[in-house]
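Single-structure report; data block below.
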Amino acid sequence: MQALSAPYQCKACHVSISSEEFLIHWEPKYVFSVVSNAKIEADNNVSCSGCGKYLGHKEGLQWHLEPSSLNLKSVAKAEVNLFSLKQQDMADISMKITRLLENTKIEVKQNLLLKSQLRGFQYSSETDLVLLHHRSEGRLLLTDRNGFYNDFLASVYRFMEGRVLVLITNIEESPPEGALVSSEIYELSKFGDQPTIGILGEMGKVVCWKSSPSEYQLNHIRESIMRSAFYREPANYARLPEAYHPSASNKFKCSLL
Ligand SMILES: [Zn+2]
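Residue numbers for the sequence shown follow the numbering used here, beginning at 4 and rising by one.
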């Protein structure tokens, strides 16, 4: 397996700007040949698409960025926060995930959830990716008005800027090879009054299987961890309910006072 190239991230919002392989010079500015998630403004000034902070400027084909605006992240370790109501399933998933990345140690923190904690859940722990596991037993009530996880997912989505993946196990039928979710999820979304799980599914943030994940699904989980830890994109809030947007957090705090 090819060695990972360490990413340079925006110091303010941790969005991925470039990586070690594209660094040409490093004094007095960092000069890169390739940059992502950056906008060219007036006078060739360059700003971060994630948070709008000034990063440097563009000269011809090269990007001259301020060393003080960037952070080089080590690819030695990624951290995943896993939540589930089921201890045994969580241990099993944790073991599968720990094996996913060669050359990088993935630390999986297991968090046992209680049903009583889910309403009004406030997430506040910095990590690379949050995984929420649910074992399907009977009717699936996941998101929106009657969903068990709506407060949990909204809070995690806001705090983690979209770095969340929902894993659903024990569903009736695994999706066909090359798919992340089964039609069951889109039926919930269309006919079950749970549009949000469908939107998250279309965004690639839901993976479900009957007894074990396919190679394709494991690969997607691996990619999600990689992107969240090392090659972060700016968050996408379009189409999601207001409670999932970062601006909602102030409103929610106020309503508690
Ligand atoms: Zn930024």
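The beta carbon of each residue, even a glycine, is placed where N, CA and C say it ideally should be.
Which residue from the options puts its Cα closest to that of residue i?
i    : options                   : result
P31  : N47, S71, I43 and S250    : S71
S8   : N40, P244, E23 and P237   : E23
Y33  : Y247, I174 and Q12        : Q12
R102 : L117, S139 and A81        : A81
R161 : S250, M98 and S52         : S250
E236 : R148, C54 and F25         : C54
Q65  : R122, S21, Q220 and S227  : S21
L145 : G201, S128 and N114       : G201
E176 : E187, L191 and D92        : E187
P216 : S50, L183 and E129        : L183
M206 : R166, I100, H28 and P178  : R166
L156 : I100, Q120 and F233       : Q120
G141 : T130, N74 and I171        : I171
R225 : P244, Y126 and K99        : K99
W29  : N47, K118 and L73         : L73
A15  : S77, N48, T130 and L58    : L58
S97  : M229, P178 and H136       : H136
L276 : S127, S128, T130 and Q91  : There is simply no residue 276 to check, as the chain begins at 4 and stops at 260 in what is shown.
Y126 : F86, A94 and S139         : F86
R138 : E129, Y219 and D95        : D95
T199 : R230, N149, S231 and F233 : N149
In three-state DSSP terms, what is residue i?
i    : result
T130 : coil
N173 : coil
Y219 : helix
V83  : strand
L26  : strand
N74  : strand
R225 : helix
K193 : helix
Q125 : coil
P178 : coil
N114 : strand
A246 : helix
K89  : coil
K214 : Note on identity: in this sequence residue 214 is Ser, with Lys being the wrong assignment. S214: coil per DSSP, three-state reduction.
C257 : The pLDDT assigned to C257 is 47, lower than 50, so where the model puts this residue is not dependable; a value taken from the coordinates is nonetheless given after this. Reduced to three states, the DSSP call for C257 is helix.
I100 : helix
L7   : coil
E236 : coil
L68  : strand
G201 : helix
Taking the straight line between their C-alpha atoms, what separation do you get for residue i and residue j?
i    : j    : result
V159 : L132 : 10 Å
E180 : A45  : 47 Å
S39  : H67  : 13 Å
L88  : H248 : 25 Å
L143 : R242 : 22 Å
V209 : F124 : 20 Å
H223 : N173 : 19 Å
M168 : N84  : It is worth fixing the name first, because residue 168 is Leu in this sequence and not Met. Computed Cα separation, rounded: 10 Å.
V37  : F25  : 6 Å
E105 : L134 : 20 Å
D147 : A246 : 10 Å
Y152 : G63  : 49 Å
K42  : Y240 : 19 Å
S185 : S227 : 19 Å
R122 : F35  : 46 Å
K56  : S19  : 13 Å
P178 : K76  : 35 Å
L259 : D154 : Unreliable placement is indicated for L259, whose pLDDT of 47 sits below 50; the coordinate value is still reported in the next sentence. Answer to the nearest angstrom: the Cα atoms are 14 Å apart.
L191 : N48  : 46 Å
L164 : E69  : Strictly speaking, residue 164 in this sequence is Glu, with Leu absent from that position. Distance between the alpha carbons of E164 and E69 is about 25 Å.
K61  : P10  : 19 Å
Quick one: does the C-beta of residue i sit closer than 7 Å to a heavy atom of ligand 2?
i    : result
I188 : Among the ligands modelled here, namely ligand 1, ligand 2 does not occur.
Ligand 1: which residues have Cβ under 6 Å from any of its heavy atoms, chain order?
C13, A15, C16, V18, C51, G53, C54 and K56
Counting pairs of beta carbons, one from the region 110–127 and one from the region 186–195, are three or more of them closer than 8 Å?
no
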